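First up is the structure itself, then whatever we jot down about it.
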Amino acid sequence: MHLPKSDLRLLEYLGLQAKKLYNAGNFVARQLFFKRGKIVSRFDLLYADGVRDSLHLKAMPSTTAQQTLLSVSEAWSSFRELRNLWFKGGCPPDRKPRPPAYLERGLFKLAFPNSGGGKPKIVDIGGKSMIRFPLGQLNSVWFGVRELLIPAPSDFDLSQVREYTFVPQNGAWYLELSYRKPKPAGVNVDPALMLACDLGTSANLVAAVGTDESNLLIDARQLKAMNQGYNRLVARRKAGKPEGYWDAYLDRLTRKRNDRMRDGINKAARLVLNHCLERGIGAVVVGWNSGIKNRVDLGSRENQKFVQMPLARLKDRIGQLCEEYGLAFWEQEESYTSVSSHLDGDTPPVYGQKPDGWTPSGRRVKRGLYRTERKEKINADLNGAANICQKWHVARKPVEGSLQPDRRGRPCLTTAKRVRLWALPGARSASASR
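In this text, residue positions in the sequence shown follow the numbering used here: the first is 3, and each later residue adds one.
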C-alpha cells in the first residue's frame, strides 16, 4: 500500500503493540501449559490476568486486540493437534512439536473483522470511496487520530468481505481482504477419470498424465530463471557487507520476487484445474514425499533449483481448487516412480519396502528422457506421472466407479505440449515438446 508517512508510522506503532500483546498472551499460555499441563481454549486469554489490563491491549482497537489474542489461542490449538498426532506416530519421532514461541523481531498483523460495532465502514470523502478503520479512544487521546482512511478498491464488492488484515512483509504493508467466495456452478466431471501429477523443478513444474490418455507439461524454467536472477541481485548487493546485511532495496526486490512466485504457482494450479474441467476429469492425484526438503543442503546453486521452489504451496493450491470445484484430490507417496518403466509393467515399490532383487526394467538415460526395456524412448517426467497413477491404484482396493489399474500408451508418454506460465514478448505462449 502507498500511504502517507504519518499513516505508515501509525501502522508500525499498532503492529508493534500487536506483537507485544501476542507475546503477553503467549506468556500466560506457556505458563499455564508448563505449570498445569493445560492448553488455553479459544477465549481464555481475553479475560486472563496480566492480559486484560495490559497497556498494549488498551493501545489497540478493541476488535483488533481480540483478534490478536485469538491468534495466540489458534497457535496453541494447532500445537495440541500436532502433539496428539505425534503421540499417535503420525510424525517422525525426532520432530516432536514444540510449544508456540515468542515473536522476537518485526511486527504483527492487524485484523479488523467486518462485523460488530467497531467494524470498518465505507465512507465518501471528496467524491472518493474510502474504507474507514476506527483506531480506538486511546489513540485519539494520545495522538489525536481516531481513524485510518484507505482508498477502497473499485472493482470489488466490499459487502462480501469478512475481515480486513494489515500484514507487514518485507518492509511494506499489505491489506488482505478475506471473503467468502460463492461456490462455482456444478461441473460435469467423471469421478472415474483421474489426472496424475508429478511436481518438479528442473524443466517441468508439473508433468501430468490422465487416464483418458491426455497429458500436460507446465514449464518451470521461467520460475527458475526469475529465482536465480533474484539470488544473483541479492548476492551482488550484499557483496562486501557484514553478515546479515539487509536494506530497503532488498525488501523491494524480495517483494517483487515473492509476488511473481505466487503468481506463477497460482497460474500453474489453474492450468491443472482447467485441464481437468475441459476433459471432464473428476479426480487428481499428486505425487508427494513428506519431508522431502527437511534438512536438505545441496549447495547454493542446487538449493535455488529445488529448496527455494514452493512445491508444497503448489500442491496445496491444486488441492484447494479441487475442493472448490468438487474434484477428488489425493496425495500419493512417489518413491521409485522416476526409475520404474511404466510401459514395461513395473510397479514402483514403497520406500523401505522394496523386494529383494527388484530392479526397474528401463533406465533414465538423460534429463527428460527415459528408455524402456524395448529401447523405446519416452518423456521421463510423464513416465513418472503415469507411475504415480499406477501406484495409487495398487495402494487402494478398487471401489465402485473407480478406474481399475491399467497402463497408458506410448503416445501419451511421448508427445506433449509444454505450456509457459507467462508469454514471451513476440513469441507464442506455448511450445511443443517431445
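Backbone N, C-alpha and C define an ideal beta-carbon position, used for all residues, glycine too.
These numbers were taken from a predicted model, which means no experiment stands behind them.
Assuming residue i is part of the beta strand (DSSP E), what are its boundary residues?
| i | result |
| --- | --- |
| Glu178 | Ala174 to Tyr181 |
| Glu165 | Val163 to Gln171 |
| Glu280 | First-last for Glu280: Ala250 to Arg281, but that is the alpha helix (DSSP H), not the beta strand (DSSP E). |
| Lys418 | Going by the sequence as given, residue 418 is Ala instead of Lys. Run containing Ala418: Ala418 to Val421, per the beta strand (DSSP E) assignment. |
| Asp200 | Asp192 to Leu201 |
Classify residue i: buried if its beta carbon has 16 or more other beta carbons within 10 angstroms, exposed otherwise.
| i | result |
| --- | --- |
| Leu59 | buried |
| Ala241 | exposed |
| Asp299 | The predicted position of Asp299 is uncertain, since its pLDDT is 49 and thus under 50; no value can be drawn from it. |
| Phe36 | exposed |
| Arg297 | Because the pLDDT at Arg297 is just 47, under 50, the model does not fix this residue reliably, and the value given afterwards should be weighed accordingly. When all chains shown are included, Arg297 counts as exposed. |
| Pro153 | exposed |
| Lys98 | exposed |
| Phe114 | buried |
| Gln162 | exposed |
| Gln33 | exposed |
| Leu13 | buried |
| Met62 | buried |
| Arg2 | Here the chain has residues from 3 to 436 only, and residue 2 is not among them. |
| Leu319 | As written in the sequence, residue 319 is Arg, which differs from the Leu given in the question. Under this definition Arg319 is a buried residue. |
| Lys440 | The displayed coordinates of the chain run from 3 to 436. Any statement about residue 440 would go beyond what the structure contains. |
| Thr361 | exposed |
| Glu336 | buried |
| Asn291 | exposed |
| Lys111 | buried |
| Lys356 | exposed |
| Asn141 | buried |
| Gly411 | exposed |
| Ser342 | buried |
| Lys170 | Note on identity: in this sequence residue 170 is Pro, with Lys being the wrong assignment. Buried. |
| Asn385 | buried |
| Ala198 | buried |
| Ile267 | buried |
Would DSSP call residue i helix, strand or coil?
| i | result |
| --- | --- |
| Phe135 | strand |
| Arg100 | coil |
| Gly109 | The sequence given here has Leu at residue 109, not Gly. Note: Leu109 maps to coil in three-state DSSP. |
| Leu84 | helix |
| Leu323 | helix |
| Glu124 | Checking the sequence shown, residue 124 turns out to be Ile, not Glu. Reduced to three states, the DSSP call for Ile124 is strand. |
| Leu405 | Unreliable placement is indicated for Leu405, whose pLDDT of 40 sits below 50; the coordinate value is still reported in the next sentence. DSSP places Leu405 in coil when its eight states are reduced to three. |
| Tyr372 | strand |
| Glu149 | strand |
| Pro413 | helix |
| Phe89 | helix |
| Val287 | strand |
| Lys185 | coil |
| Asn217 | strand |
| Arg297 | With a pLDDT of 47 at Arg297, under the threshold of 50, the predicted position of this residue should be treated as unreliable, though the coordinate-derived value follows. Note: Arg297 maps to coil in three-state DSSP. |
In terms of residue numbering, what span does the alpha helix (DSSP H) encompassing residue i cover?
| i | result |
| --- | --- |
| Trp332 | Unbroken run through Trp332 is the beta strand (DSSP E), Ala330 to Gln334; no alpha helix (DSSP H). |
| Gly212 | It is not in any alpha helix (DSSP H) - Gly212 instead sits in the beta strand (DSSP E) that spans Asn206 to Gly212. |
Note to self: Extract the residue ranges of the alpha helix (DSSP H) inside the segment 14-68, only unbroken runs of 4 or more that lie entirely within it.
What the structure shows: 57-60
Next item on the list: Kindly confirm or deny that the segment 112-129 and the segment 66-80 touch, where touching means at least three C-beta pairs closer than 8 Å.
Entry: yes
Check: Which residue spans inside the segment 333-397 form an unbroken alpha helix (DSSP H) run of at least 4?
Finding: 382-397
Note to self: I want to know whether the segment 135-145 touches the segment 73-92 - three or more CB-CB distances under 8 Å.
What the structure shows: no
Notebook entry, point to check: Of all the alpha helix (DSSP H) runs that stay within the bounds of the segment 222-253, which reach a length of 4 or more residues?
Noted result: 223-240
Checklist line | Touch test, the segment 18-32 against the segment 70-84, Cβ-Cβ under 8 Å, three pairs minimum | finding: yes
Notebook entry, point to check: Is the segment 120-131 touching the segment 75-85 in the sense that three or more CB pairs, one from each, lie closer than 8 Å?
Noted result: no
Note to self: Measuring CB atoms only, is the segment 268-286 touching the segment 315-326, in the sense that at least three cross pairs come out at less than 8 Å?
What the structure shows: yes
Item checked: Segment contact, 8 Å Cβ cut-off, at least three pairs: the segment 162-176 with the segment 341-353 -> no
Next item on the list: Tell me, please, whether the segment 219-239 touches the segment 186-198 by the rule of three or more beta-carbon pairs shorter than 8 Å.
Entry: no
Checklist line | Segment contact, 8 Å Cβ cut-off, at least three pairs: the segment 229-243 with the segment 379-395 | finding: no
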